[in-house]
Amino acid sequence: MPYLEDGETWSRDFNVSEEGMAENRPGHRKFGSYNLPTWAKHPLKHPFNGVVVGPKDFMYTAGDGFVNPLGWSIAHVAAKYGDVDILDMCSQEELSRPTSVGETPAHYCVMHATPWCLQKLVELGANTTAVDQAGNTPEDKIWKTKDLHATEQEWLFQAMKGELIEKNSVKAQEYRLVKNRCAGNDPVVTDRLDKDMLKLRKFWFGTGEYELPYQRPQEMANRPLDLPASKVARPQKKEPPLPVGLIFPGQGSQYVGMLKDVIERPAVSLMLKKAEAILGWDPKELCLNGPEEKLGETRYCQPIMFLAGLAALEVLREQNPAAVDRPQAVAGLSLGEYTAVVVAGVLSFEDGLRLVKLRGEAMQKAAEMSDQAMCSVAGLDRAKVDKLCEEARNADPSPDAECRVANFLFPSGFTCAGTRTAVDKLCKLATAAKALQARVIKTSGAFHTRLMSPAQDELSRALDEAADKMNPP
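For what it's worth, this note's numbering labels the leading residue of the sequence shown as -10, then goes sequentially.
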C-alpha cells in the first residue's frame, strides 16, 4: 500500500516495512496517540500552496514525530511547503534538527523559497546559523541556491533578520504559488510529472486507471483549487502577451534637455498640456531649459520622470505597437512603479500624476528636514554592504545619523541612502573595500529609509483614497 497508515514508514521503493514501523520500535507510541493533522496520515490530503504532496516527500518518514534515517523532521516538511501552523506544533529540537547532511529547517526554507516560514523559525528561536556539510549557513544558501529570483533572495534576507513585513510575506506566497504551478492551473507541478502522475490525478480528479488503496473522501471530489489561485485574474486577450517587459526608471537619470527629441510628437505634446494643468507648472519648460538644480528637486523631478517614462512609451508605440499593447509584464524602480501602474491600466494618467505630484512634494518636505543623500554601490555582497553602512552610520556625529541599503537592484548591486555625512563615508569605505562602483547619485533625499517617514502618512492616505479607482489587470 503506497500510502502512510498507522505506524508505517516509507522505504526507498515505497514499500512498507513491518520491522520499520515506528510503533514496533522500543519506546515508541502508537501513531494514533499523536495529535497530528490529517495530512500526516495521508499526505495526499494536504495541498501546500497548490502543490500536491506525494509519497516521495515522506520517504523514510516514521509516524511518531517524523524521525527518520535521513534526519527529516516534520519541521523540514513544513519548511519546504510553507506551512507555519505545522511549525507551531514542532518541538524546539525539531525546529533546529539537522538532516544527515547538516541541513536544518532554516536551510530548507531558503532552498525552497518559503521566507514566511524562515521568519517563523526566527520568531520561535530556531537555529538559523547552523553550518551544513558543504560549509553553508542558511544565509549563505540565500546567495548560492539556484533558481532563486533576486526578489526572493531579498525576502529571505529580510526574514533572516526578522524584518519580512506582511505585504512581502503575502507576495512571496503568491509568487511561489505561480512559480510552482503548471500551465492550465494543473496542481501537479512540473517536476512531479513522472510515475506519480496517475495516482495523483486519480486522487484529485478521479481520472486515469490507477486504483486508490482507500476510498477518497466525498468532500475531496470536484474540490475547487486553493483560494490564492482562484483569485489570480487572467487577462482576456485575443492574442497572447509578447515576451516583452516594460521597465520604468526612478529618480537619478534626469538632465536638462531631456524629452527634446520627442516633445513635438502629438501624443507627448497633449500629455504635457494635461500635466501642466494638474501640476500648476510647465514640465516642458523645465525639461528643456532647467535649471538643473530645480530639475533635481524631488517635487519637480518625480513628475518629470513619470512623464518621461510615458513619453518613451509613445515612441515605442510608433515603433512596435504590439509591444505596448501586449507586454508580458510591467515594472518600475521606485517612482517607476507609479508609471508601470498607469501603463498597466490600474490608474488613469490623471490620477497617477496627482499621486506622483503629492508623493514628490511630501518627500521633498521630508528631505529638507536634514542633509540627505543616496549612493550606488556595486561589486560587494549584501552582508558586506550592511556592515559598511553600519560603520558609516556610526562615524556620522549627527544625532539622527542614518545609512542603510535602500534598494536591492541586482546580486551585488545596491542603492544606499541616509544622512549625507554617512553616505559620503560609505562611498569611501566601499571604494577601499574594492567595490566596482561607489558614487553619490542625483537625488535630493534619502529615499526608502526612515528619514522619509514624515511623508509616509500623507501618501498612505492618498493611496487609500485612490484605491476605489484602481483596476487591477
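Backbone N, C-alpha and C define an ideal beta-carbon position, used for all residues, glycine too.
Three or more C-beta pairs below 8 Å linking the region 380 to 394 and the region 339 to 350: no
Spatial distance of Q122 from E92 (CA atoms): 8 Å
Alpha helix (DSSP H) segment containing M459, residue limits: Where M459 is concerned, there is no enclosing alpha helix (DSSP H), given that its DSSP letter is neither H nor E.
8 Å Cβ cutoff met for K346 and P292: Yes.
Local Cβ density within 10 Å of H138, reported as buried at 16 or more and exposed below that: exposed
Extent of the continuous alpha helix (DSSP H) run through G325: G325 to V332
Q361 in three-state terms, based on DSSP: Strand, per DSSP.
Where L235 sits in the DSSP three-state scheme: Three-state DSSP puts L235 in a strand.
Every unbroken beta strand (DSSP E) inside the region 64 to 88 [3 residues or more]: none
Start and end residues, beta strand (DSSP E) containing A395: C392 to F399
C-beta atoms of L299 and C290 nearer than 8 Å: no
Simplified DSSP state of R450, which is helix, strand or coil: helix
Local conformation of A222 per DSSP, three classes: Bear in mind that a pLDDT of 43 at A222, under 50, signals an unreliable position, so the number given afterwards is only what the model happens to contain. A222: coil per DSSP, three-state reduction.
Sequence-distant residues of the same chain with beta carbon closer than 8 Å to S323, five excluded per side: G239, Q240, N396, F436 and H437
A351 beta carbon less than 8 Å from that of L448: yes
Short Cβ contact (8 Å threshold) for C98 with L84: no
Range covered by the beta strand (DSSP E) that runs through A320: A318 to G321
Outcome for V90 when other beta-carbon atoms lying within 10 angstroms are tallied against a minimum of 16: exposed
Status (buried if at least 16 other CB within 10 Å, exposed otherwise) for F20: Note on F20: pLDDT 44, under 50, position unreliable in the model; no value is reported.
Same chain only: Cβ atoms within 8 Å of A264, ignoring 5 sequence neighbours per side: P272, P292, L296 and L342
Three-state secondary structure assigned by DSSP to Q122: coil
Alpha carbon of L369 to alpha carbon of T404, nearest angstrom: Going from the Cα of L369 to the Cα of T404 covers about 12 Å.
Same chain only: Cβ atoms within 8 Å of A456, ignoring 5 sequence neighbours per side: Counting only Cβ-Cβ distances below 8 Å, and skipping sequence neighbours, we find nothing.
Residue environment, I371, which counts as buried when at least 16 other CB atoms sit within 10 Å: Checking the sequence shown, residue 371 turns out to be Arg, not Ile. When all chains shown are included, R371 counts as buried.
CA-to-CA distance, W144 to Y164, given in whole angstroms: 11 Å
Buried/exposed call for I63, threshold 16 Cβ in 10 Å: buried
Backbone CA spacing between L336 and C392 [nearest angstrom]: 34 Å
Best match in K109, S158 and M294 for proximity to E326 [C-alpha to C-alpha]: M294
Beta-carbon proximity list for G321, same chain, < 6 Å, skipping 5 on both sides: F237, T328 and A329
Check whether V412 and M358 have beta carbons under 8 Å apart: If you check the CB distance, V412 and M358 do not come in under 8 Å.
Euclidean distance between Cα positions of M459 and G334: 8 Å
Per-residue DSSP class, three states only, for G434: coil
Between the CA atoms of L415 and L377 - distance to the nearest angstrom: 6 Å
Beta-carbon proximity check, S242 vs A356, cutoff 8 Å: Cβ distance not < 8 Å, so S242 and A356 don't count as in contact.
For T287 and M48, the rounded distance between their alpha carbons: For M48, the predicted structure reports a pLDDT of 34, less than 50, and the residue's modelled location is therefore unreliable. A value from the coordinates is still provided. Approximately 58 Å between the Cα atoms of the pair.
Same chain, Cβ closer than 6 Å to W193, five either side skipped, listed in chain order: Reliability fails at W193, whose pLDDT of 47 lies under 50, so the model's placement of it is uncertain and the value that follows must be treated cautiously. The beta carbon of W193 lies closer than 6 Å to none in the same chain, with the five residues before and after it left out.
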